[in-house]
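Below: the structure, in structure tokens.
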Amino acid sequence: MLAPHVFDSPTGKRVYDIRHTRLTKWLNDGIPPAQVPEWAGNSVPLLLATYARCVDRQLPDLKKRLEAAGDLPEPPDAG
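Listed below in structure tokens is the structure:
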């Protein structure tokens, strides 16, 4: 953890930006959302509240993977 005076400095802000970029990349690369906070020292709820858009963008890929495995439920009849 950075000291308050370091965190408030340009250097501290850059460290936070790099950390944010790394967590975003891990999620975008498909690292499970339960693993990322363990590595980052966050909680799962905090991670998902902050980075939920990263997980949402994985939905098309996840659907393809489920369809390929035959695990995607059939949609209900619209009729």
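Read left to right, the sequence shown gives residues 7 to 85 (my numbering).
Every residue gets a Cβ at the ideal spot worked out from N, C-alpha and C, and that includes glycine.
These figures come from a predicted structure and were not determined experimentally.
Using the C-alpha atoms, what's the distance from Thr56 back to Pro16?
-> 22 Å
Using the rule of at least 16 other Cβ atoms within 10 Å of the residue's Cβ for burial, across every protein chain shown, is Leu68 buried or exposed?
-> exposed
Determine the burial state of Trp32: buried for a count of at least 16 other Cβ atoms within 10 Å of its Cβ, exposed for fewer.
-> buried
Range of the contiguous alpha helix (DSSP H) that encloses Glu80 | Careful: Glu80 lies outside any alpha helix (DSSP H) and carries neither H nor E.
Taking only the alpha-carbon atoms, compute the straight-line gap between Asn34 and Tyr22 and give it to the nearest angstrom.
-> 18 Å
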